[in-house]
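Following: one structure in structure tokens, then a few remarks.
Numbering (our numbering), first residue to last: 110 to 174.
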């Protein structure tokens with residue numbers, strides 16, 4: 110059934126957008142010179158928070174922010 114798959118893909122796209130927004134919030138704080146950054150996790154899962162932390166660190170270290 111295509112309907113279920115489309116719904117799942119839409120949900121995953123939404124979740125990816127939420128996670129990327131959190132990453133961007135952290136990077137924007139770093140660009141402003143903030144040295145302590147906290148994440149308003151909202152409804153992020155523990156795994157998503159860990160991914161945000163890892164991805165922010167990776168981008169900061171690579172200069173991609």
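All C-beta atoms in this analysis are idealised placements derived from N, C-alpha and C, irrespective of residue type, glycine included. The structure displayed is predicted, hence computed values, not measured ones.
What is the DSSP secondary structure of residue 110, counted as helix, strand or coil? Here the model assigns residue 110 a pLDDT of 44, short of 50, so the residue's position is not dependable, and the following value carries that caveat. DSSP, reduced to helix, strand and coil, places residue 110 outside both helices and strands of the structure shown, so it counts as coil.
Run of the alpha helix (DSSP H) containing residue 164, from where it starts to where it stops: Element bounds for residue 164: 155 to 171.
Under 7 Å between C-beta atoms of residue 132 and residue 158: No. Outside cutoff.
As assigned by DSSP and simplified to three states, the class of residue 134: Reduced to three states, the DSSP call for residue 134 is helix.
Proximity winner among 137, 120, 127 and 119, relative to residue 168 (alpha-carbon distances): Selected option, being the one with the closest Cα: 137.
Look at the alpha carbon of residue 120 and the alpha carbon of residue 148, and state the distance between them as a whole number of angstroms. Rounded to whole angstroms, the separation of the alpha carbons of residue 148 and residue 120 is 22 Å.
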